[in-house]
Amino acid sequence: MLRRGLISGIAGAMLMARWRQSLVAAVGVMFSITMFVTLLGFMTGLNDLLDGLILNRSPHVRLYRDIRPSAEQPLSKDPQYRGSYALVESVKPNGNRMALYNGGAILQSLRQDPRVLGVAPKITAQVFYQTGAIELTGLINGVEPEAENRFFHFGDYVRSGKAEDLSRVPNSIILGKGVADKTMARVGDIIQVLTVAGDRVPLKVVGFFQSGLMDVDKVQSYTSIGTARKLLGKDNQYVTDLQVKLHDITVAPALAREYAKGFETDAEDIQTANSQFETGSSVRSIISYAVGITLLVVAGFGIYNILNMMIYEKMDSIAILKATGFSGRDVNRIFILIAVRIGVAGGAAGLLTGYLLSSVIDQIPFNTAALPTISTYPVNYNPKFYIIALSFALITTILAGWFPARKASKVDPVSIIRGK
Amino acid sequence: MTQNENPIVLEARKIAKYFHDPATIKVLDGVDMQVRRGEFVSVTGKSGCGKSTLLYILSTMDTDYEGEVLIGGRSVKGMKEADLALIRNEKIGFVFQFHYLLNEFSVLKNVMLPALKLGRLPEKEIEAKAMEKLRILGMDGQALKKANQLSGGQKQRVAIARALINDPLIIMGDEPTGNLDKKNSDTVFGIFRSLASDFNQTLLVVTHDPEFAAGTDRIVEMEDGRILNS
Numbered sequence: 001m002l003r004r005g006l007i008s009g010i011a012g013a014m015l016m017a018r019w020r021q022s023l024v025a026a027v028g029v030m031f032s033i034t035m036f037v038t039l040l041g042f043m044t045g046l047n048d049l050l051d052g053l054i055l056n057r058s059p060h061v062r063l064y065r066d067i068r069p070s071a072e073q074p075l076s077k078d079p080q081y082r083g084s085y086a087l088v089e090s091v092k093p094n095g096n097r098m099a100l101y102n103g104g105a106i107l108q109s110l111r112q113d114p115r116v117l118g119v120a121p122k123i124t125a126q127v128f129y130q131t132g133a134i135e136l137t138g139l140i141n142g143v144e145p146e147a148e149n150r151f152f153h154f155g156d157y158v159r160s161g162k163a164e165d166l167s168r169v170p171n172s173i174i175l176g177k178g179v180a181d182k183t184m185a186r187v188g189d190i191i192q193v194l195t196v197a198g199d200r201v202p203l204k205v206v207g208f209f210q211s212g213l214m215d216v217d218k219v220q221s222y223t224s225i226g227t228a229r230k231l232l233g234k235d236n237q238y239v240t241d242l243q244v245k246l247h248d249i250t251v252a253p254a255l256a257r258e259y260a261k262g263f264e265t266d267a268e269d270i271q272t273a274n275s276q277f278e279t280g281s282s283v284r285s286i287i288s289y290a291v292g293i294t295l296l297v298v299a300g301f302g303i304y305n306i307l308n309m310m311i312y313e314k315m316d317s318i319a320i321l322k323a324t325g326f327s328g329r330d331v332n333r334i335f336i337l338i339a340v341r342i343g344v345a346g347g348a349a350g351l352l353t354g355y356l357l358s359s360v361i362d363q364i365p366f367n368t369a370a371l372p373t374i375s376t377y378p379v380n381y382n383p384k385f386y387i388i389a390l391s392f393a394l395i396t397t398i399l400a401g402w403f404p405a406r407k408a409s410k411v412d413p414v415s416i417i418r419g420k
Numbered sequence: 001m002t003q004n005e006n007p008i009v010l011e012a013r014k015i016a017k018y019f020h021d022p023a024t025i026k027v028l029d030g031v032d033m034q035v036r037r038g039e040f041v042s043v044t045g046k047s048g049c050g051k052s053t054l055l056y057i058l059s060t061m062d063t064d065y066e067g068e069v070l071i072g073g074r075s076v077k078g079m080k081e082a083d084l085a086l087i088r089n090e091k092i093g094f095v096f097q098f099h100y101l102l103n104e105f106s107v108l109k110n111v112m113l114p115a116l117k118l119g120r121l122p123e124k125e126i127e128a129k130a131m132e133k134l135r136i137l138g139m140d141g142q143a144l145k146k147a148n149q150l151s152g153g154q155k156q157r158v159a160i161a162r163a164l165i166n167d168p169l170i171i172m173g174d175e176p177t178g179n180l181d182k183k184n185s186d187t188v189f190g191i192f193r194s195l196a197s198d199f200n201q202t203l204l205v206v207t208h209d210p211e212f213a214a215g216t217d218r219i220v221e222m223e224d225g226r227i228l229n230s
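Chains as they are written, first to last, in my numbering: chain A, 1 to 420; chain B, 1 to 230.
As structure tokens, this is what we get:
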């Protein structure tokens, strides 16, 4: 105990004797930790936002029926042409049945699957919005607002009105912001919708929807699933999509294959559908880490320099310490301790200023039509970054202290004392 | 005096040492030497005769030599660096030409450092002991000053107090008065003399000051890496 206190006391005294340089080194570490934490917090905040834009609203597995040509063409029935390559295909895809076969039963069994967090059924229907003499092409999603809210944050993107109004008000619609602007519709108005079958249906506007993706908002609208069935004149078993949210997103590709086989339908997993987003996120993260670590390495060189200088200045002290009975190991510890103190002080201060800078960025207004859910820059305060930053600060300072400390421990007291 | 019956505290057996840079030179050539407890021995000789080299070999700081060094009857040949450091800490006190006090610490703390390193006594007792040593040297009034606030002579007296703190077997001095004026030299010599006479402290001092050497119990004269008398 006494000895450790002694070593640390000597380290402290040497640190204080050169407090200006020590402070500069600590500020270097502080600056790099500040930037590391802020950069990663900001970058991750943005990543989460952008990912959320698509990924939060996407089902982990989507069950649907794809349009595809009939597998059995007349030519393949003729034994004469067996084994030949068929160039003539006359039976075109049949679009009559967009619905999932046995949708209700699939829904039932999905809801009982322990890996599934929830299922939201959906009907997509092509329509025209009528405004004046023009008909705008559009797409209506018939959804269960409650399920859609719970699993896909639907409510976050409804600007005026409430998502729940879809189920409360009969024959209601939430218009995409782009559609609303073009048709000059306001909340409470009645809008005329033409179905592909030629029926004209009046729907009451209960809100607007802004996803942040312009192209989507110009086309899509939402109704309750019941309204959508009425629109298409279908029975209450009719469903075109089942959107599955899982507990663990990583099993999505395997489950998609399993469901496709088990339910004899098409299934698409989120990884396949949105692979480009994950790539973007990870590249941005790598860049942030690279910049942060570069800053830390530069700070490490600062510490290395200070310690080297200190050793040259304190050569006499090292010599007398060794002459009076301090071993090379003791001297080594003294200088490692100096480095660690600079690292810990700078690192802790850096975490604090990093947090403060992050909170400042968090307050800067950031209003853009594309991102309706936020009003300030997004910042992520994940403690993981703070822990990584502090560990890196400690590792770099110990490494930066290692070589000078080794040099100090190898000082030959005789050559110093005799050299006078 | 009955010093010849006192136990031998330091012994050198056939010490030989070479310098290899720029060319190989034999600096010490089979030096034999004994120092008994309570003796005040000085080593003299011309510049380059190897007297300092011998001292640093005897001090365990220089380990590159042939022959054997025994401290308190124990050979230190081939010991590890950390063990040698412990021997220096416990058994040897040093006074160099330059004081080598740590400017970051007070006079008192400078004196305490080797004892704190040894760690045999609680800090309070070490402090009391350091004050006592400073009192012997007439420096107790300056105990709380920083080392760099003292004059050259005062610094050297503090360095002697530091050498005494662990009650060493032997005090080694390398030109301890070399940097001091006449008055301070006399003071330092007076201190050494009284340590030997009054406290029965063993001292081995390398000096080229004939007046200093004349006041010691025994003079070891060296020339070209050999001891002339003894």
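The C-beta atom is built at its ideal place from N, Cα and C for all residues, glycine as well.
| Query | Result |
| --- | --- |
| Per-residue DSSP class, three states only, for lysine 322/A | helix |
| Nearest residue (CA-CA) to phenylalanine 398/A, options Lys407/A, Pro365/A, Leu337/A | Here residue 398/A is isoleucine; the residue named in the question, phenylalanine, does not match the sequence. The residue with the shortest Cα to Cα distance from isoleucine 398/A is Leu337/A. |
| contact_flag[the segment 91-110 of chain B, the segment 141-148 of chain B] where n(CB pairs < 8 Å) is 3 or more | yes |
| Close beta carbons around asparagine 229/B, own chain, < 8 Å, minus the five adjacent residues each side | Ile219, Val220, Glu221 |
| Whole-Å CB distance - valine 340/A paired with tyrosine 222/A, under 8 Å assumed | Rounded, the Cβ-Cβ distance is 58 Å, inconsistent with contact. |
| As assigned by DSSP and simplified to three states, the class of tyrosine 129/A | strand |
| Contacts that aspartate 117/B makes with chain A (C-beta to C-beta distance below 8 Å) | Reading off the sequence shown, one finds lysine at residue 117/B, where the question assumed aspartate. Here the neighbours are Arg3, Leu6, Thr324, Gly325, Phe326, Asp330. |
| Nearest-angstrom Cα separation, counted from leucine 50/A out to tyrosine 422/A | Lying before the first or after the last residue shown, residue 422/A is absent from chain A, which here runs from 1 to 420. |
| Candidates Val91/A, Asn274/A, Val179/A, of which the one nearest isoleucine 134/A by Cα | Val179/A |
| Check whether alanine 11/A and isoleucine 334/A have beta carbons under 8 Å apart | yes |
| Any chain B beta carbon closer than 8 Å to aspartate 362/A | no |
| Chain B within 8 Å of proline 378/A, Cβ atoms only | no |
| Alpha-carbon to alpha-carbon, threonine 60/B and glutamate 81/B | 9 Å |
| Supposed close pair aspartate 174/B, phenylalanine 40/B - CB separation, criterion 8 Å | Not confirmed; about 15 Å, so no contact. |
| Segment limits, alpha helix (DSSP H) that includes phenylalanine 423/A | Since the first and last residues shown for chain A are 1 and 420, residue 423/A lies out of range. |
| Spatial distance of methionine 184/A from isoleucine 374/A (CA atoms) | 25 Å |
| Given 8 Å, three or more beta-carbon pairs between the segment 22-35 of chain A and the segment 293-301 of chain A | yes |
| Neighbour flag for alanine 128/B against chain A, beta carbons, 8 Å | no |
| Residues, ordered as in the chain, of the segment 42-60 of chain A that lie near chain B by beta-carbon distance below 9 Å | none |
| Rounded C-alpha distance that separates lysine 182/A from glutamine 130/A | 10 Å |
| Beta-bridge partners of valine 31/B, as assigned by DSSP | Ile15/B |
| Interface positions of the segment 1-22 of chain B facing chain A (Cβ-Cβ less than 7 Å), listed along the chain | none |
| Residue interval of the beta strand (DSSP E) (run including serine 42/B) | 40-45 |
| Separation of glutamine 220/A from phenylalanine 128/A, as counted between CA atoms | 11 Å |
| Chain B within 8 Å of valine 411/A, Cβ atoms only | no |
| Euclidean distance between Cα positions of glycine 176/A and proline 121/A | 20 Å |
| Short CB-CB distance (under 8 Å) between arginine 418/A and chain B | yes |
| Buried or exposed (CB count within 10 angstroms, at least 16 for buried), proline 413/A | buried |
| DSSP three-state assignment for alanine 214/B, whether helix, strand or coil | helix |
| At least 3 beta-carbon pairs within less than 8 Å: the segment 58-76 of chain A vs the segment 312-320 of chain A | no |
| Contacting positions in the segment 42-64 of chain B - beta carbon closer than 7 Å to chain A | Ser52, Tyr56, Met61, Asp62 |
| Chain B contact for alanine 11/A (CB, 8 Å cutoff) | no |
| Start-to-end residues for the alpha helix (DSSP H) that takes in serine 84/A | Counting along the chain, serine 84/A falls outside any alpha helix (DSSP H), and DSSP gives it neither H nor E. |
| Exposed unless 16 or more other CB atoms sit within 10 angstroms - verdict on asparagine 236/A | exposed |
| Exposed unless 16 or more other CB atoms sit within 10 angstroms - verdict on asparagine 141/A | buried |
| Cβ-Cβ distance between valine 61/A and alanine 267/A below 8 Å | yes |
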